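**Q**
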Amino acid sequence: MTSSDAGFMPHGELRGHALAEALAASKGARPIESAEDLAVEGVFESDAELDEFLTWVRKERRAHLA
Numbered sequence: 868m869t870s871s872d873a874g875f876m877p878h879g880e881l882r883g884h885a886l887a888e889a890l891a892a893s894k895g896a897r898p899i900e901s902a903e904d905l906a907v908e909g910v911f912e913s914d915a916e917l918d919e920f921l922t923w924v925r926k927e928r929r930a931h932l933a
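Position 9 of the sequence shown, counting from 1, maps to 876 under the working numbering, and the rest follow consecutively.
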């Protein structure tokens, strides 16, 4: 980026929600419609690794209850 590019805004004067919408559209992003949109096979190598993660999540949630 050169100094003449420093003030360049690819989405003009958009701010806030309008900017977020424009950026998402430019990347082809779409809203999440269900948990299945986030599902990915093979995140955990084994059932034991999944169980360990879930145990950690439960422990952390309990530790941060008000």
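Even for Gly, the Cβ is constructed at its ideal location relative to N, Cα and C.
All of these numbers come straight from a predicted model, not from anything done at the bench.
#1: Taking the CB atoms as reference points, tell me whether Ile899 and Leu890 lie closer together than 9 Å.
#2: Looking at the secondary structure, which residues open and close the alpha helix (DSSP H) in which Ser893 lies?
#3: Would you identify the three-state DSSP class for Leu921, choosing helix, strand or coil?
**A** Straight from the coordinates:
#1: no
#2: Gly883 to Lys894 is the span of the alpha helix (DSSP H), which, as asked, contains Ser893.
#3: Three-state DSSP puts Leu921 in a helix.
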